[in-house]
Amino acid sequence: MKKMKERIEAKKEARMEELREELRQEKETKKETEEMNNEENKINESPIEDNEAKEAKIEETENKEAETEASENEEKEEMVENGVHNYSAEESYVWPTDPKVRKKLEWFRDQKLGLMMHWGAYSQLGIVESWALSDADACWSRHCIDWEVTGEEFKKQYFDLNKTFNPIRFEPEKWADIAKAAGTKYLLFTTKHHDGFCMWDSKYSDYKVTAPDCPYHTNHYADICAHLFESFRKRDLGVIAYFSKADWHVDSYWSENYERGSYQHRGPSYDPKEYPEEWERFVTFTQNQIMELGSRYGQIDGMWFDAGWVCKENGQDIRLGEVIERVRKFQPGMLCADRTIGGPYENYVTPEQCVPEEPLMIPWESCITLGTSFSFVYEDTYKSPRDVICLLVDIVVKGGNLAINVGPQPNGCLPKGAVDCLLGMGKWLDVYGEAIYGTRVCAPYKKDGIGFTTKNGVVYAIETFASETQEVPSKVWIPYEGKVTKISDMADGRVLSFEVKDGGYLVDAGEWAEEKAPIGCVFCLENEEK
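For the sequence shown, my numbering gives the first residue as 1049, with consecutive numbering after it.
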């Protein structure tokens, strides 16, 4: 952003200098004419005053134009702030017209819970993934770099991490078993983050886990994506491939041979309008990698595209729709989440590290970290099963999915704190998953601490307890206005007595015998007269 503002200022100053020169020449011409016509009036103040006013007006206009240009560009850049993407507005959503995509979208909305994973060579450092490479993002992304190093030295160290990445304890089958036990229904995995390091055997890049300079390349599981995807599919879990549209390693996107020199922003390091051949080289590279993942790695249920600044509106058109339609010949109905862009190739929107306040009537998925970071952090702390289930319920009753993110360790293991939480989530979902999976929203959605979902004519009223010390009432008021003839406890099937009260139903749930409050309870509301 700083460089962009400097260019705007330089452009403005050059234009102002041209205008000043024109005014000086105009003044001199007028002065010579006046001296010839009338020696006594050789200095005429009026034209000078007019010119000064004109100059001031021009300067004011130039300033406004520069500010507007800077503001517009800043707004585009701020679709990603401190590494966190904004998300598209509900009104900009475009429903797919392809019936196969619509069918896959309904599948996606049934799943409710996915396991997201940010894993790459960067995991060795225990810092935020990729972002510290961007000089323009250094103010927030490099605070965790606690060793003595300059920006340029750090970038070299970072790009050399492929030479030490050796996750010899990686067991894809074990990861998939944990995901299944946790109650997650699909994998969302970083095939390539902004740094360009490929976690699959891409024939279009040498910066990859299977390259000879990566010590892991001789391992049986070296093509990490291939083995991980297959392990999840064997357990009837879906596969969605995360892919960054930016690539800070490939020289057709980031190169010091252009105006920016060694200073890097989110990219590219040149203006695609000024270097169309170079940009086309990057487009070809990117489309080839997308096609590679979509045609060589088995069934892919969706592709999730990060780096929202890479878009047509920013002059960075990779013609994503063009390649997605080619991929769909191999993957009929495959979903595409072109984050923050809107339009026909953002099949679902993706709030990041947040949950919308109100229900959304379009497909959506919140990606939220289980720890404090998307990538692995040493001595990280993790949410409890209670935290995540309360979060999941809040999302599901508003019509969304939760992609809960875990950052695997550099050695290939999943952090114990993360695994403990995942397995704890699974225990609750084993009992109450019927109120989560395959459901749709139901008014009043969430009211007075009760969330609502529905499926097959049954309404599920979900009561969650954010703290284990909360009081568990023996009588629960359920603010649902539809007709109900039977209410039962999902946990044990008990039919509960109730009465109509205050526009809802007061249910006799019985005394809670345990010392700690449960994570949540589910009441099944039915109308047997239908």
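In this text, a Cβ means the ideal position worked out from N, Cα and C, and glycines have one as well. For clarity, every value in this text was computed on a predicted model and none was experimentally measured.
For residue 1553, the pairing in a beta bridge is given by DSSP as 1526 and 1548. Within the same chain, and ignoring the five residues on either side of residue 1416 in sequence, the residues whose Cβ sits closer than 7 Å to its Cβ are 1401, 1439, 1450, 1452 and 1453. Less than 9 Å divides the Cβ of residue 1353 from the Cβ of residue 1368. For the set 1363, 1544, 1478 and 1526, the Cα lying nearest the Cα of residue 1228 is the one of 1478. Excluding five sequence positions before and after residue 1481, the CB atoms of its chain that fall closer than 8 Å to its own CB belong to 1231, given in chain order.
Annotated three-state conformation of residue 1504 is coil, per DSSP.
Taking a cut-off of 8 Å on C-beta distances, the region 1242-1255 touches the region 1333-1340, as three or more cross pairs fall below it. Distance check between residue 1410 and each of 1149, 1151, 1148 and 1157 places 1157 closest, using alpha-carbon atoms only.
One thing to note: residue 1463 has its Cβ within 9 Å of the Cβ of residue 1419. Our two residues, residue 1495 and residue 1313, have alpha carbons roughly 44 Å apart in a direct line. Counted as a single uninterrupted DSSP element, the stretch harbouring residue 1564 is not any alpha helix (DSSP H), since DSSP gives it neither H nor E. Here residue 1335 is not near residue 1379, since their CB atoms are 9 Å or more apart. The residue among 1236, 1284, 1299 and 1211 with its C-alpha nearest the C-alpha of residue 1266 is 1211.
DSSP places residue 1394 in the strand class (E or B) of the three-state scheme. Taking C-beta atoms as the reference points, residue 1442 and residue 1465 fail to come closer than 9 Å. Here DSSP, grouped into helix, strand and coil, assigns residue 1449 to strand. A Cβ-Cβ distance of about 4 Å is found for the pair residue 1177 and residue 1423, placing them in contact under the 8 Å criterion. One thing to note: residue 1569 has its Cβ no nearer than 9 Å to the Cβ of residue 1507.
Take the alpha-carbon of residue 1491 and the one of residue 1169: they are about 46 Å apart. Take residue 1363, set aside five residues on each side of it, and the residues of its chain with a beta-carbon closer than 8 Å to its own are 1319, 1320 and 1321, in chain order. With fewer than 16 other Cβ atoms from the protein chains shown falling within 10 Å of its own Cβ, residue 1551 counts as exposed. Just so you know, the alpha carbons of residue 1384 and residue 1525 end up roughly 41 Å apart. For residue 1547, same chain residues with a beta-carbon under 8 Å away, outside a window of 5 residues either side, are 1553 and 1554 in chain order. In the three-state DSSP reduction, residue 1170 falls in the helix class (H, G or I).
Taking 9 Å as the cut-off, the beta carbon of residue 1242 is found no closer than this to the beta carbon of residue 1274. Listed in chain order, the non-local C-beta contacts of residue 1476 below 6 Å within the same chain comprise 1437 and 1567, local neighbours out to five positions each way being set aside. Here DSSP, grouped into helix, strand and coil, assigns residue 1275 to helix.
Taking C-beta atoms as the reference points, residue 1140 and residue 1390 count as a pair closer than 9 Å. Secondary structure at residue 1248: coil, using DSSP grouped into helix, strand and coil. When DSSP reads this structure, residue 1417 sits in a beta bridge with 1453. The region 1279-1291 and the region 1217-1227 touch, with no fewer than 3 CB-CB distances between them shorter than 8 Å. Residue state for residue 1161 is assigned as strand, using DSSP reduced to three classes. Under DSSP, residue 1290 takes part in a beta bridge, and its partners are 1238 and 1352.
The C-alpha of residue 1434 lies about 9 Å from the C-alpha of residue 1516.
Cβ-Cβ distances below 6 Å link residue 1163 to 1227, 1232 and 1235 in the same chain, with the five nearest sequence neighbours on each side left out; the list follows chain order. When secondary structure is reduced to three states using DSSP, residue 1233 falls in the coil class, being assigned neither helix nor strand.
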